[in-house]
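Working notes, structure below.
Protein chains: 4
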Amino acid sequence: MTVATTTFHVRYAETDAMGIVHHAAYIVWFEEGRSHFMRQINFPYSQVERMGYYFTVVEVKARYHQPARYDELIRVETRIGELRSRGLTFVYHVRRAADNALLVEGFSKHVCIRHDGQVQRIPPELWERLRPHVMSS
Amino acid sequence: MTVATTTFHVRYAETDAMGIVHHAAYIVWFEEGRSHFMRQINFPYSQVERMGYYFTVVEVKARYHQPARYDELIRVETRIGELRSRGLTFVYHVRRAADNALLVEGFSKHVCIRHDGQVQRIPPELWERLRPHVMSS
Amino acid sequence: MTVATTTFHVRYAETDAMGIVHHAAYIVWFEEGRSHFMRQINFPYSQVERMGYYFTVVEVKARYHQPARYDELIRVETRIGELRSRGLTFVYHVRRAADNALLVEGFSKHVCIRHDGQVQRIPPELWERLRPHVMSS
Amino acid sequence: MTVATTTFHVRYAETDAMGIVHHAAYIVWFEEGRSHFMRQINFPYSQVERMGYYFTVVEVKARYHQPARYDELIRVETRIGELRSRGLTFVYHVRRAADNALLVEGFSKHVCIRHDGQVQRIPPELWERLRPHVMSS
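Residue numbers (our numbering), protein chains in the order written: chain V, 260 to 396; chain W, 260 to 396; chain A, 260 to 396; chain R, 260 to 396.
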């Protein structure tokens, strides 16, 4: 697996007065995309936290192509864009499931920290689990 | 079908600094519960809106029993509690899927309006679709 | 002071596809109302948490009268409805500042707990600070 | 005025299980920053919409330096980074008011559209109002 794909319906609360999904909702969907990625490699992020580590967000970017609307079935495709000793980047493509149209694309950069905020190496057992899924360039 | 059941994972964005799901997130889950209910009876709420009607919320109540946590699989059970000519009440039970524990229960009362805010009778084709699913008392 | 009043503008993200404020946003505004209340009595809730206590939410209710819209100035009035040894109830009135119209009213019930979830008495120094502000019946 | 500055307290709902403000909340704060900017130049965005125009979001980026926490007073500084005939870019600096620390910086790119999604020139009366506030390079 290089791409983890999760689907869900647009919630009404995620829409705004333009009648479309609010742009901040996609940032939450990105996060759900990487949560799903971690579940798919059998290393759920909740387990990362139980080990005392966090993937804190240091950067996020999104480009908006087409709007999603209430009740549409959405597909979020999540990949690892880059894996380094102390951090990683997830890359996202949000599509409308009905016609596969690309709605939004983006990425999030993360640094591995302990709860005190100190930057750490990604623990080896996790790093080994992530490595096979890095996109080949 | 009297109960529509939908499942999803807790999103990280739905947690708060207590380490548990924020209490307002359940109100959004209630809404997703009734969206799912409408999809299950083949009358999605997006179709209600395309017909020019809205089920505006006039009251909502929630009782919180146990907290949900990030990544847990959640099950929302949605029923119609009451169906009247100009409105209806949905009843919700939010459970942790792993052990079926009741986390939160609540209801939302809705009135059928047109976009101008005028109260309307629920259109007959929708009312007939809803009626068989009303909880027997 | 019996009533703590806070004002803010409706954020675009708080609206939904009906063109009005989403009903779950008011639950967040209630919370901001009680945060403001606690700041006004010089016992901010952040201090309560630093002491190791939480006012966990056990019940919330809202009745919706009129919708708020993007950019409107909102006023939230927060009172203590009931104060008991191990919990309290906040009561809220959300108004449109321009004409004082009542938009939404509601309450939230809280129980005082420690982080392990054990119910506790409200610590005396906090209880004494809250008591003068309880609504007389 | 080149910089519009707005302040508010961190809401509890904006925190997450790491005990800090969730990264998507800053995207909403950016939006509140530009809402405030538009109010400051006496051309509130609600008026833009009443004229039939929207500044749809085509790109957003945020870099996270330090976390905000519940109840902290936040200051959002908003500038126009670029103004073009059919769109504009807002630039944001989110600071902790207590010590002026830079927490998050970012930008959002917008295109002017009508409700049908057609790209439009920014209407002249608005463009003239915006132009004096563009950052000099």
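Ideal placement from N, C-alpha and C gives every residue a C-beta, glycine not left out.
Checklist line | Per-residue DSSP class, three states only, for W/Val-280 | finding: Three-state DSSP puts W/Val-280 in a strand.
Margin query: Taking the beta carbon of A/Ala-357 as the centre, do at least 16 other beta carbons fall within 10 Å, making it buried, or is it exposed?
Written below: It counts as exposed.
Next item on the list: Could you tell me whether any Cβ in chain R is nearer than 8 Å to the Cβ of V/Val-319?
Entry: V/Val-319 counts as touching chain R.
Notebook entry, point to check: Under a Cβ-count criterion, where at least 16 other Cβ atoms within 10 Å of its own Cβ denotes burial, should W/Pro-326 be classed as buried or exposed?
Noted result: Under a 10 Å Cβ-count criterion, W/Pro-326 is classified as buried, with 16 or more other Cβ atoms of the shown protein chains found around its own Cβ.
Next item on the list: Report yes if the CB atom of V/Arg-293 is closer than 8 Å to the CB atom of V/Phe-366, and no otherwise.
Entry: Taking 8 Å as the cut-off, the beta carbon of V/Arg-293 is found no closer than this to the beta carbon of V/Phe-366.
Checklist line | Contacts around V/Val-316, its chain only, beta-carbon distance under 8 Å, and the 5 residues preceding and following it disregarded | finding: Around V/Val-316: Ser-367, Lys-368 and His-369.
Next item on the list: Check each residue of the region 348-361 of chain A: if its Cβ is closer than 9 Å to any Cβ of chain W, include it; give the result in chain order.
Entry: Residues are counted here when their Cβ sits less than 9 Å from a Cβ of chain W; for the region 348-361 of chain A the count is zero.
Next item on the list: Measure the beta-carbon distance from A/Met-394 to A/Gly-340 and round it to whole angstroms, keeping in mind my assumption that it falls under 8 Å.
Entry: In this structure, A/Met-394 and A/Gly-340 form a Cβ contact; the two beta carbons are roughly 6 Å apart against a cut-off of 8 Å.
Next item on the list: My understanding is that V/His-281 touches V/Thr-274, with C-beta atoms under 8 Å, so please give their C-beta distance in whole angstroms.
Entry: About 7 Å separates the two Cβ atoms, so the contact holds.
Notebook entry, point to check: In angstroms, rounded to a whole number, what distance separates the CA positions of R/Arg-390 and R/Phe-302?
Noted result: The alpha-carbon atoms of R/Arg-390 and R/Phe-302 are separated by roughly 13 Å.
Check: With contact counted as at least three CB pairs below 8 Å, one residue from each stretch, are the region 263-278 of chain A and the region 321-338 of chain A in contact?
Finding: A contact between stretches requires three or more CB pairs, one per stretch, nearer than 8 Å, and the region 263-278 of chain A meets this requirement with the region 321-338 of chain A.
Item checked: Beta-ladder partner(s) of A/Arg-373, from DSSP -> The bridge partners DSSP lists for A/Arg-373 are A/Tyr-312.
Next item on the list: Could you name the residues of chain R that V/Lys-316 contacts, counting a contact when the two beta carbons are closer than 7 Å?
Entry: Residue identity check: residue 316 of chain V is Val in the sequence provided, not Lys. Under a criterion of Cβ atoms nearer than 7 Å, the residues of chain R adjacent to V/Val-316 are, in order, His-282 and Tyr-323.
Checklist line | Interface flag, A/Met-297 vs chain W, CB-CB below 8 Å | finding: Contact with chain W is absent for A/Met-297, since none of that chain's Cβ atoms lies less than 8 Å from the residue's Cβ.
Item checked: Chain-ordered chain R contacts of A/Asp-330 [CB-CB under 8 Å] -> Result: Ser-294, Arg-298, Pro-303, Tyr-304 and Ser-305.
Check: What is the DSSP secondary structure of R/Tyr-329, counted as helix, strand or coil?
Finding: In the three-state reduction of the DSSP assignment, R/Tyr-329 falls in the coil class.
Checklist line | Exposed unless 16 or more other CB atoms sit within 10 angstroms - verdict on W/Thr-265 | finding: Buried, because 16 or more other Cβ atoms sit within 10 Å of the Cβ of W/Thr-265.
Next item on the list: Using the Cα positions of W/Tyr-312 and V/Val-319, report the straight-line distance between them to the nearest angstrom.
Entry: About 38 Å.
Check: Which word fits V/Val-378, buried or exposed, when buried means at least 16 other C-beta atoms lie within 10 angstroms of its C-beta?
Finding: Around the beta carbon of V/Val-378, fewer than 16 other beta carbons lie within 10 angstroms, which makes this residue exposed.
Check: Do V/Ile-286 and R/Ile-333 have their C-beta atoms closer together than 8 Å?
Finding: In this structure, R/Ile-333 does not lie closer than 8 Å to V/Ile-286 by Cβ.
Checklist line | Reduced DSSP secondary structure (H/G/I, E/B, other) of V/Arg-380 | finding: Note: V/Arg-380 maps to coil in three-state DSSP.
Next item on the list: Could you check what DSSP says for A/Glu-272 in three-state terms: helix, strand or coil?
Entry: Position check: residue 272 of chain A holds Ala in this sequence, whereas Glu was assumed. Residue state for A/Ala-272 is assigned as helix, using DSSP reduced to three classes.
Margin query: If the cut-off is 7 Å on Cβ atoms, which residues from the region 267-281 of chain W count as contacting chain R, listed in chain order?
Written below: Only those residues of the region 267-281 of chain W whose C-beta falls short of 7 Å from the nearest C-beta of chain R are listed: Tyr-271, Ala-272, Thr-274, Asp-275, Ala-276, Gly-278 and His-281.
Check: In terms of DSSP beta bridges, what is A/Val-393 paired with?
Finding: Bridge partners of A/Val-393 according to DSSP: A/Ile-339.
Notebook entry, point to check: Is R/Val-363 close to chain A, meaning its C-beta is less than 8 Å from at least one C-beta of that chain?
Noted result: No, R/Val-363 does not count as interfacial toward chain A.
Notebook entry, point to check: With DSSP run on the structure shown, which of helix, strand or coil describes V/Arg-293?
Noted result: V/Arg-293 falls in the helix class under three-state DSSP.
Next item on the list: Hey, could you find the ends of the beta strand (DSSP E) A/Phe-349 is sitting in?
Entry: For A/Phe-349, the uninterrupted beta strand (DSSP E) run begins and ends at 346-355, by DSSP.
Item checked: Within chain R, the residues that V/Tyr-313 reaches when beta carbons sit closer than 9 Å -> What V/Tyr-313 touches in chain R: Met-277.
Check: Looking only at C-alpha atoms, which of W/Phe-296, W/His-324, W/Leu-362 and W/Phe-267 sits nearest to V/His-295?
Finding: Here the closest residue by C-alpha is W/Phe-267.
Check: Within the 8 Å Cβ cut-off, does V/Val-287 reach chain R?
Finding: Chain R, which has a Cβ nearer than 8 Å to the Cβ of V/Val-287, makes this yes.
Next item on the list: Please compile the residues from chain V whose C-beta is within a distance smaller than 9 Å of the C-beta of W/Glu-336.
Entry: At a C-beta separation below 9 Å, W/Glu-336 has no neighbours in chain V, since its nearest C-beta there lies roughly 17 Å away.
Next item on the list: With 8 Å as the threshold, decide whether the Cβ of W/Glu-341 is near any Cβ in chain V.
Entry: With 8 Å as the cut-off, W/Glu-341 does not count as an interface residue toward chain V.
Next item on the list: Please decide whether V/Glu-387 counts as near chain W, where near means a Cβ-Cβ distance under 8 Å.
Entry: For V/Glu-387, the answer is no, since every Cβ of chain W falls outside 8 Å of its Cβ.
Next item on the list: Classify A/Val-319 as helix, strand or coil using the three-state DSSP reduction.
Entry: Strand at A/Val-319.
Next item on the list: Verify the CB distance criterion: does W/Glu-384 have a CB-CB separation below 8 Å to chain V?
Entry: Answer no: the Cβ-Cβ gap between W/Glu-384 and chain V never drops below 8 Å.
Item checked: Alpha carbon of A/Gln-306 to alpha carbon of A/Arg-343, nearest angstrom -> Looking at the backbone, the Cα of A/Gln-306 and that of A/Arg-343 are separated by about 20 Å.
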